[in-house]
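Each remark here refers to the structure printed beneath this line.
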Amino acid sequence: MTVFRLRSRRVTAPGVTALAVSLILACGARSGPVDEDTDGGTGVTPIDPREGGCDNPIVLPLANIEVRGRVQGPSRVEGWCGDGINDGGAEDTYLIAPAADTDVLLLMQPSTEFTPTLRVTRDGCYMDDNNLPRVCAAPYGDVPFRHFFAEAGHEYFVTVDSPEGTDGHYAMQVVYTSPPIEGCPVHSTQINQEIGGFFTWSNELGGRAGTVDGRCGGPGAENMFQLNVFTPGAITFTVTADVSFAPVLSIRTGCGGATELTCTSMAEQGTSNFSLTWNFDPGTYFVVIDQNDVVGGSYKLDVAS
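Mapped onto mature numbering (1 follows the signal peptide of the UniProt record, and there is no 0), the consecutive letters of the sequence shown carry residue numbers -31 to -1, 1 to 274.
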């Protein structure tokens, strides 16, 4: 398998208005088919030594880049968000080891010849109950990208997976920047600061992949609310959850984890019922109720200002 680098070029990520600034992408490409595997079958192979496999990922530079490849042959690894069909084909894996905390955007390009599933795991390519993917979904709707928060001191394995029986090419841009707010599922209900006021919200979240990521984790589905603060002051957030729910509470100024001001979780607090108080200046913020796993469950959020 040949790895080579093309001359740098200027690229604008399609369809993402907040990324309309010019991005200088060093273009990397991979040519030739993956090694043939005559064993057949799908699922996890304990050792995948081929270049681009889970055990020998392609290391990416810490600079914006476009990677291109071709996947064909049997599947060697699958994720919990797939059904064995959508991610039942061959895959390529890339490794990112950031020197500083950063958000990472993954933008599949229109030239991709199949519907990919993107999967991102931390400190290990193979997922299990202790290593749930930070991303495990396909780009969807009007947002042609997925994103995750990468912390220094950790390794992130980015896998481009394919449907069963795929033989096709793909192109993906990897961009180190904060995602626009359109990249997060902001709820239509807003929280407005009122001195002495009280806001409460309850919901049940399903056992599925989420979108928002941060320092306290949160691979599962989430609710994200805009918080409008008009005068300086402290606001207290209290989370109450059922026994099946592993809540994460995050306060941030934007979509990406790099905009996170503070966070806490059941893993940190040792209980699914906890409170967090933060002193705010006037401005627009976002409150995220996330989950540390993908089991789902019910929660209640109380906000007192």
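Glycine is no exception: its CB is placed at the ideal position from the N, C-alpha and C atoms.
DSSP places residue 124 outside any beta strand (DSSP E), giving it a letter other than H or E.
Rounded to the nearest whole angstrom, the CA to CA distance from residue 66 to residue 143 is 13 Å. The continuous beta strand (DSSP E) containing residue 159 extends over residues 155 to 161. Using a C-beta cut-off of 8 Å, the segment 133 to 153 makes no contact with the segment 200 to 210, since fewer than three inter-stretch Cβ pairs fall below that distance.
Counting along the chain, the unbroken alpha helix (DSSP H) around residue 235 starts and ends at 235 to 238. The three-state reading of DSSP puts residue 253 in strand, counting E and B together. Partner residues in the beta bridge of residue 209, as assigned by DSSP, are 269. Sixteen is the threshold: when 16 or more other Cβ atoms of the shown chains lie within 10 Å of the Cβ of residue 229, as they do, the residue is buried. By the Cβ neighbour-count rule, residue 118 is buried, with 16 or more other Cβ atoms within 10 Å of its own.
In this chain, the beta strand (DSSP E) harbouring residue 136 covers 136 to 145. Under the DSSP definition of a beta bridge, residue 217 partners with 234 and 259. Here residue 227 carries a helix assignment [DSSP, helix/strand/coil]. Per DSSP, residue 113 has no beta bridge partner at all. For the pair residue 220 and residue 238, the Cα-to-Cα distance works out to about 16 Å. By the C-beta criterion, the segment 181 to 197 is judged not to be in contact with the segment 128 to 145, since fewer than 3 inter-stretch pairs fall below 8 Å. When secondary structure is reduced to three states using DSSP, residue 164 falls in the coil class, being assigned neither helix nor strand. Using a 10 angstroms sphere on the CB of residue 173, the tally of other CB atoms stays under 16, which defines it as exposed. Residue burial is scored here from C-beta neighbours: residue 123 has fewer than 16 other C-beta atoms within 10 angstroms and is therefore classed as exposed.
A residue is called buried when at least 16 other Cβ atoms come within 10 angstroms of its Cβ; residue 61 meets this threshold and is buried. Membership of residue 62 in the beta strand (DSSP E) is indicated by the continuous run 60 to 65.
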